[in-house]
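Here is the structure we will look at.
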Amino acid sequence: MRPPPGTVQAKETSPVSLELLPDLILTLLLLIMAWGALYAPQRADAMTLFIAFGIVVALIWARLDAPDLALAEAAIGAGLTGVLLMHAARELPGELHQTNRTATYWGALAFAVVASLMFLAHLLYDDSLMSAGLLDAETDMTPRLRTLADAAVPESGVEHPVTAVLLNFRAWDTLLELLVLLFALSGLRQLFRDGQSSENRATSQWPESLALMSAWARVLAPLLVVTGGYLLWRGSSEPGGAFQAGSLLAAAAVILRLTGLLPPLRWSSVLLRLSVVAGALFFLVVAAATAIWGDGWLVYPVAYNGLLIITIEAIATLSIAITLSLLVIGEREDLRT
Amino acid sequence: MTAIELYLTLGVAVFLLSLHGLMTLHDPIRRLIAVNLMGAGTFLVMVSLAKRTEVPDPVLHALVVTGLVVAISATAFALRLIIAANKDDATTSEDSAQR
Amino acid sequence: MNFALLSLATPLFSGLLLLLCDRALKTGTVAFWAIVSTVVSLAAAWLALQDVVDAGTSIMLNLGGWETGLAIRLRLSSLSALLLVFTALMHLLIGLYAGLSRQGIARDYWPLSCFLHGSLAALWLSADLFNLYITLELLGLTAVAMVALSGKKAYKPAANYLILSLAASLFYLLGVALLYGRYGELDVLLLAPRTEADVITRLALLLMTTGLMLKAALWPLHLWLPPAHTSAPTAVSALLSGLVVKGPLFILWVLWSEVAPPELAQQIGPVLAIAGMIALTAGGLSAMRSPYIKTVVAYSTVAQLGYALMALGLLLTWQLPQMHIALWLFVIAHGLAKASLFLAAGEMQSSLGTRRVEGLRGATQTVPVAMFAFAVAGGSLIGLPPSGGFLAKWVLLEPLLSQPGNWPWAIGVLLGTLVSAAYIFRVVALSFDRARINPPDINPDRVGHWLALLPALMVWGMALSGEWLIQLLAGGGV
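Residue numbers (my numbering), protein chains in the order written: chain A, 17 to 353; chain B, 5 to 103; chain C, 641 to 1118.
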């Protein structure tokens, strides 16, 4: 029988048990990679270690029972960020400034180590962070956010709690987040205005690829699209959802662009602008419509809430995919012509 | 010590380490990597806090998904901005690297 | 509440639709519709203010219809309604300048300014800590995008601003995570009674405060501001100094006056107040020494935020919630005055063909209206009666002068006044030097100059409505 969702995990009796070994190894690995990503002498090495760091983080998410995050981290944190960094390495091969290892460097480092150990000590000897905030039976008996969320999931229109939180309980956050993507893209577009930056000097920024890579891309891209669609659909009842799906689709677009198979997406095409704007716009229209004709801002009608959520997610997936692709691989032809 | 406490401390340690990097590194791309590492540390803290219960806290997971998307958007913009800001200066260092 | 939502949604819709119809519209049409949406938003904000005044108390809204504790809540207080009006008004004044002045502005300014407006509105209304994090990110990204409008010369300061802004947001987020981990709540009003002065809470508050001070350019975390605000286009600098840095300040105030337990608030109060005094003097001294006009104005922002910091610090030290009146009067007066200063500086720069303060010799003869705008706005910054700046300073000084024990703080305020006077007079005095005039490159743009004067006139008009403003801020409740 599954224990109710709110129960606290039992504390270990001995200070360090054998079950902790894989976690200790991951911890050590992560610290070494973080160090390398920051201080490797060659910047290219630092970038590679950063990408590897992202993959280990995805492993830790899986270990901490966070499959939604593992999916998102692997695609976004390791995948898309990696492409961005590689592009940057190619554009700016030299180190722009040198770091000096002065006394403040070692002092600050010592501070970081000491502070972390002090934090650990606090955790071990003080209950407040580990168990407080979880218990309902406190002096005022008021249920916390977590308990209310768990209780409300059946009425939300989806079964997967994370999707319920993202698309229903805290839908306003998600709407604003779609705007974050859009604002970042708007900012990027400023860099390509006429004669402004040297980004528009070269005709092709992305290298020609091998025939093998092109063949592989032709197989991989459709697979990614199908997987993305599946993740989107699955998101209502299992880990998945708009962001994971969108980032996989963006990865597909990036692979196609890297192998020269993706034609320029032209900003002058109203279809492109529509797909970029659609996610946030539709969401905002839903919010306004529910406010004017319904029960309030972002109050989904109970009969349609599942359908509404999947529609919002589908349109958002499209917007997220296109916006992320443009953010990673968008060039002058895509963004300004 | 439980796994949760270990990961919480790891999150704080990565945060502090990358903060140290942000303050001492001068190359803008490295500083951006440092900021991303700070984000990873923060998310690690959040996901560990989520795992205090047997079934993880969906609210914190949702917050981290949001945070991840914000991080990639801002990083993409920042990297392109750094490239655009330094592109012309970089040609001189490229020449000196080739010698 | 519906009017507040209208005020929030209008600029967001406009921005999205302007992007959607990007190629189909002429630049003039784009500008026209952006300004129309600002006017609609202003009207809606005004009506929202009336609603709150009639209601006599803050109006809350649970987004999504979920119960309190689960839903993200929006709070329409008399202050947030006033800030909605202020934001719309600033966007209108600056938008009119950007659209009508001969200098003009890049076409992409219009959707970006709509987005900035929407982000600020979302910030003023939000009562949820994580939602505030997202609004901070929205604000930061649009601000950097707008700095980049200037072109290549602005990219380095913009990149630096963005990197620091991201780091600051993460400080804030880590603090929110710790607070949630400790108390299980994200809603500001539900968190407020629960907080205790323990280690985790202190750490969380410290992290959040550091992040917010960096974003609001509060001394000593202000170094990114002068390069960024100087290199941005004129209208954008006005928006940045007048509005964008005030958002994180708002969150800082909510954090310490509501969320934090009083014992901790009383401990941090003096620290903030002293930082404010240093900001006043250090920022003012840098403003006096800077050779470039816009840099003078940018350092003036750093200095003037010192007043806000002092008001906040003293509010917390003495636990006098009424001192928030001084804080917000400063914000509004400073916003209007700073807009005028930047617009005037931009006009003078383009007419006289110089970016240096030295180039303003004889400006009272060559560009009289713009120089007048600069002087009038500067007068409000110094705190000359009967300007808005004077009103704010008076509300701040009253409790300081009432007891002899508080006089050191009053001396700090007066010192700041002297320093402000010094850097304003430096520019104005130079402009009266008709012996060696710097001749204008082009004929002054009458429309631009008068539009630059408009905010300055409004800030002096603030004193006329001073009584009403004070009552509004005091009575309407937080």
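By construction, the Cβ of each residue, glycine as well, lies at the ideal position given by its N, Cα and C atoms.
- The alpha carbon of LEU277 of chain A has as its nearest neighbour, out of A:ASP61, A:MET229 and A:LEU324, the alpha carbon of A:MET229.
- For LEU865 of chain C, the closest C-alpha among the options C:SER980, C:GLY975 and C:LEU804 is that of C:LEU804.
- Judged by DSSP secondary structure, ILE699 of chain C falls within the beta strand (DSSP E) whose first and last residues are 699–702.
- Taking the C-beta atoms as reference points, LEU719 of chain C is found no nearer than 9 Å to ILE891 of chain C.
- Taken in chain order, the members of the region 759–770 of chain C whose beta-carbon sits within less than 7 Å of a beta-carbon on chain B are PHE770.
- Taking 9 Å as the cut-off, the beta carbon of GLY43 of chain B is found no closer than this to the beta carbon of LEU20 of chain B.
- VAL293 of chain A is classed as buried because its beta carbon has at least 16 other beta carbons within 10 Å across all chains shown.
- Approximately 6 Å separates the beta-carbon atoms of VAL670 of chain C and ARG747 of chain C; this is inside 8 Å, confirming the contact.
- Contact of PRO60 of chain B with chain C is not assigned, every C-beta pair being separated by 9 Å or more.
- Below the 7 Å Cβ cutoff, chain C contributes ALA799 as neighbours of ILE86 of chain B, in chain order.
- For PHE66 of chain A, at least one C-beta of chain B is nearer than 9 Å to its own C-beta.
- Proximity to LEU324 of chain A across A:SER172, A:TYR121 and A:PHE69 peaks at A:SER172, based on C-alpha coordinates.
- Between MET730 of chain C and LEU883 of chain C a beta carbon distance of about 6 Å is seen, short of the 8 Å cut, so the two are scored as contacting.
- Within the same chain, ARG35 and ALA38 come within 7 Å of LEU29 of chain B by CB-CB distance, once the 5 residues on both sides are set aside.
- Here the alpha carbon of LEU765 of chain C sits roughly 35 Å from the alpha carbon of LYS792 of chain C.
- Rounded to whole angstroms, PHE66 of chain A and ALA50 of chain A show a C-alpha spacing of 7 Å.
- Residue-level contact check: LEU182 of chain A touches chain B, since one or more beta carbons of chain B fall below 9 Å from its beta carbon.
- Under the Cβ criterion of 9 Å, TYR820 of chain C is counted among the residues facing chain A.
- Here DSSP, grouped into helix, strand and coil, assigns LEU201 of chain A to helix.
- Within 10 angstroms of the beta-carbon of THR697 of chain C lie fewer than 16 other beta-carbons, which makes it exposed.
- Distance check between ALA53 of chain A and each of B:HIS24, B:MET5 and B:GLY71 places B:HIS24 closest, using alpha-carbon atoms only.
- In summary, the residues of the region 271–290 of chain A whose CB is separated from some CB of chain C by less than 8 Å are TRP283, SER284, VAL286, ARG289 and LEU290, in the order they occur in the chain.
- Per DSSP, the unbroken alpha helix (DSSP H) holding LEU865 of chain C starts and ends at 865–871.
- For THR13 of chain B, the nearest beta carbon of chain C is not closer than 9 Å to its own beta carbon.
- Counting C-beta pairs with one atom in each stretch, the region 750–770 of chain C and the region 849–865 of chain C have fewer than three that are closer than 8 Å, which means they do not touch.
- Sequence-distant partners of THR650 of chain C (beyond 5 residues in either direction) whose C-beta falls short of 7 Å from its own C-beta, in its chain, are SER677, VAL680, SER681 and ALA684.
- Interface flag for ILE712 of chain C against chain B is unset, since no Cβ pair is found closer than 9 Å.
- By alpha-carbon distance to ALA268 of chain A, the top candidate from A:PRO83, A:ALA91, A:TYR55 and A:PHE69 is A:ALA91.
- In the three-state reduction of the DSSP assignment, TYR932 of chain C falls in the strand class, which pools E and B.
- Taken atom to atom, the span from the alpha-carbon of GLU836 of chain C to that of ARG713 of chain C is near 23 Å.
- Contact between LEU1058 of chain C and ALA1050 of chain C is absent: CB atoms are separated by about 13 Å, not below the 8 Å threshold.
- Residue burial annotation: TYR246 of chain A is exposed, with fewer than 16 other C-beta atoms found within 10 angstroms of its C-beta.
- Within chain B, VAL74 and ALA78 have C-beta atoms less than 8 Å from the C-beta of GLU777 of chain C, given in sequence order.
- Here ASP84 of chain A has VAL178 and PRO255 as same chain residues with Cβ atoms under 6 Å from its own Cβ, once five neighbours each way along the sequence are excluded.
- Contact with chain C is found for LEU36 of chain B, since one of that chain's Cβ atoms lies less than 9 Å from the residue's Cβ.
- Taking the CA atoms as reference points, PRO317 of chain A sits about 8 Å from ASP311 of chain A.
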